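> First the structure, then my questions, so here it is.
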Amino acid sequence: TVDVVVTDGFTGNVALKTAEGTASLYTNFLKEAFQSSWMSKLGYLFAKGAMQKLRTRFDPRRYNGAMLLGLNGIVVKSHGGTDEIGFSNAIGVAVDMAQHGFIEKMTDDFNSLQADLDSPKEAAG
């Protein structure tokens, strides 16, 4: 599946910051829970592999690079607080878009949709 959010910059930033804050809060809750007793520390040793997979899956650097639409070219915005891994992934998004003709495909799709909207509809009868 693919999750897509289409929004203006302000609303999108509010949603993004909310999600980041929530993720950070739950991360802190997990750390506190696993450090609360010797039994929970022992439990962490058993769960460590799964926790590492979860950490990797939720690493925002892996998903860095949001495309800005409505411009006459490829523009990818990177998170301001990212490191070299996240920035490299944002560059990868731009390269992938260029190599796969993203702008041309989007233009063709929008033109096709506009033609469908402009064409007269047959009367239902």
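Each step along the sequence shown adds one to the number in the numbering used here, with nothing skipped, and position 76 is 331. From the three backbone atoms N, C-alpha and C, an ideal C-beta is built for every residue, glycine too. Here the structure is a predicted model, which is why all the values come from computation and not from measurement.
For LYS308 and GLU275, what's the separation of their Cα atoms in angstroms?
Along the sequence shown, read from residue 1 onward, the residue named residue 308 stands at position 53. Along the sequence shown, read from residue 1 onward, the residue named residue 275 stands at position 20. Approximately 18 Å between the Cα atoms of the pair.
> So the candidates are ALA278, MET294, PHE365, GLY335; which of them puts its Cα closest to the Cα of GLY325?
Walking along the sequence shown from the start, residue 325 turns up at place 70. Out of ALA278, MET294, PHE365, GLY335, PHE365 has the C-alpha closest to the C-alpha of GLY325.
> Do you know how far the Cα of SER291 is from the Cα of ASP351?
As a position in the sequence shown, residue 351 is number 96, starting the count at 1. As a position in the sequence shown, residue 291 is number 36, starting the count at 1. Going from the Cα of ASP351 to the Cα of SER291 covers about 45 Å.
> Can you give the Cα-Cα distance for GLY336 and THR273, rounded to whole angstroms?
Residue mapping note: residue 336 aligns to position 81 of the sequence shown, counting from 1. Residue mapping note: residue 273 aligns to position 18 of the sequence shown, counting from 1. Their Cα atoms are separated by approximately 16 Å.
> Within 10 angstroms of its Cβ, does ASN327 collect 16 or more other Cβ (buried), or is it exposed?
Here residue 327 refers to the residue found at position 72 when the sequence shown is read from its first residue. ASN327 comes out exposed.
> Around the Cβ of PRO356, are there at least 16 other Cβ atoms within 10 angstroms (buried) or fewer (exposed)?
Counting from 1 along the sequence shown, the entry for residue 356 is found at position 101. The question names Pro, but residue 356 is Gly in the sequence shown. Exposed, because fewer than 16 other Cβ atoms sit within 10 Å of the Cβ of GLY356.
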